[in-house]
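Asker:
Residue numbers (mature numbering (1 follows the signal peptide of the UniProt record, and there is no 0)): -23 to -1, 1 to 197.
1. Taking the C-alpha atoms as reference points, what is the distance between residue 124 and residue 164?
2. Which stretch, first to last residue, makes up the alpha helix (DSSP H) that contains residue 29?
3. Give the secondary structure of residue -2 by DSSP, where H, G and I count as helix, E and B as strand, and everything else as coil.
4. Say whether the region 83 to 94 touches the region 131 to 145, bearing in mind that this needs 3 or more beta-carbon pairs closer than 8 Å, one atom from each stretch.
5. Should residue 19 be labelled buried (16 or more other beta-carbon atoms within 10 Å of its own) or exposed?
6. Is residue 57 closer than 7 Å to residue 71 when the C-beta atoms are compared?
7. Verify whether the separation of the beta carbon atoms of residue 168 and residue 185 is less than 7 Å.
8. Taking its Cβ as the centre, do 16 or more other Cβ atoms sit within 10 Å of residue -2, making it buried, or is it exposed?
9. Please report the straight-line C-alpha distance between residue 40 and residue 31, rounded to a whole angstrom.
10. Please list the terminal residues of the continuous alpha helix (DSSP H) segment that includes residue 224.
11. For residue 164, which residues does DSSP report across the bridge?
12. For residue 135, which of helix, strand or coil comes out of DSSP?
13. Are residue 90 and residue 150 closer than 7 Å when you measure CB to CB?
14. Name the residue from 108, 22, 174 and 78 whose alpha carbon lies nearest to the alpha carbon of residue 152.
15. From this set, 45, 44, 75 and 67, which residue's C-alpha is nearest residue 21's C-alpha?
16. Measuring alpha carbon to alpha carbon, tell me which of 6, 69, 172 and 139 ends up nearest residue 182.
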């Protein structure tokens, strides 16, 4: 009698196990899965260029941008040329500031002995699209420079930003100008154009910082 009970119990146990296995197999539906990946990389703004000086109409650059014998009646043409190695388009502008003894001198009529023109002026001083600048800190007109991924034809975006100044030493300067120095400080600034199309004020430019590329990051 006991053997029959054991057999019945064993048969019941096997039946229950089979039921669980069968029930578990009911959820094994056909299935599939697709996994995708995406990445977002911030754009870059990386301007690079040169400032070059040319003396009295010469086509040769002034070595190291240092001129040692500047005389009344002389002039120097300063050329700034910049490109954008980054992906983003940007507002771009250039400024030039004058310091030193010559920058502080005036003629007997109160006119500065150093005159700065935006544009290039010929040797006989006939202006060619030149604008006389009347302060000791000058900011040229703002333009838009294009990036490798962002082009701005609707605002006449440029691939190369160029600006020219003429520094003229007035022939009316007196002997008190001898041995005086003139220091030029040039600065080119770039500021993101996309999502920043209104820069009518100067506040945005106050936040401009130099971009230093991270050498550990591979640029896109």
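We treat Cβ as the ideally placed atom computed from N, Cα and C, and that holds for glycine.
Answerer: Quick look at the numbers:
1. For the purposes of this step, residue 124 is taken as the residue at position 147 of the chain shown. For the purposes of this step, residue 164 is taken as the residue at position 187 of the chain shown. Their backbone Cα atoms lie some 20 Å apart in a straight line.
2. The sequence position of residue 29 within the chain shown is 52, counting from 1. Element bounds for residue 29: not the alpha helix (DSSP H) but the beta strand (DSSP E), 24 to 32.
3. Residue mapping note: residue -2 aligns to position 22 of the chain shown, counting from 1. With a pLDDT of only 49 at residue -2, under the threshold of 50, the placement of this residue in the model should not be trusted, and no figure is reported.
4. yes
5. Along the chain shown, one-based indexing puts residue 19 at 42. Residue 19 comes out exposed.
6. The residue labelled residue 71 in the question sits at position 94 within the chain shown. The residue labelled residue 57 in the question sits at position 80 within the chain shown. Taking 7 Å as the Cβ cut-off, residue 71 and residue 57 qualify as a contacting pair.
7. Here residue 168 refers to the residue found at position 191 when the chain shown is read from its first residue. Here residue 185 refers to the residue found at position 208 when the chain shown is read from its first residue. Yes, the Cβ-Cβ distance between residue 168 and residue 185 is below 7 Å.
8. Translated into positions along the chain shown, residue -2 becomes position 22. Only weak support is given to the placement of residue -2: the predicted model assigns it a pLDDT of 49, under 50, and the question is left unresolved by the model.
9. Here residue 40 refers to the residue found at position 63 of the chain shown. Here residue 31 refers to the residue found at position 54 of the chain shown. Cα to Cα, residue 40 sits roughly 9 Å from residue 31.
10. Residue numbering for the chain in the displayed model covers -23 to 197; residue 224 lies beyond these limits and cannot be assessed.
11. As a first step, residue 164 is located in the chain shown; it is residue number 187 there, counting from the start. According to DSSP, residue 164 bridges with 72.
12. Along the chain shown, one-based indexing puts residue 135 at 158. Note: residue 135 maps to strand in three-state DSSP.
13. For this step, residue 90 is matched to residue 113 along the chain shown. For this step, residue 150 is matched to residue 173 along the chain shown. Yes. Within cutoff.
14. Position 175 of the chain shown holds residue 152. It is 78 whose Cα lies nearest to the Cα of residue 152.
15. The count along the chain shown starts at 1 and reaches residue 21 at position 44. For residue 21, the nearest C-alpha among the options comes from 67.
16. For the purposes of this step, residue 182 is taken as the residue at position 205 of the chain shown. It is 69.
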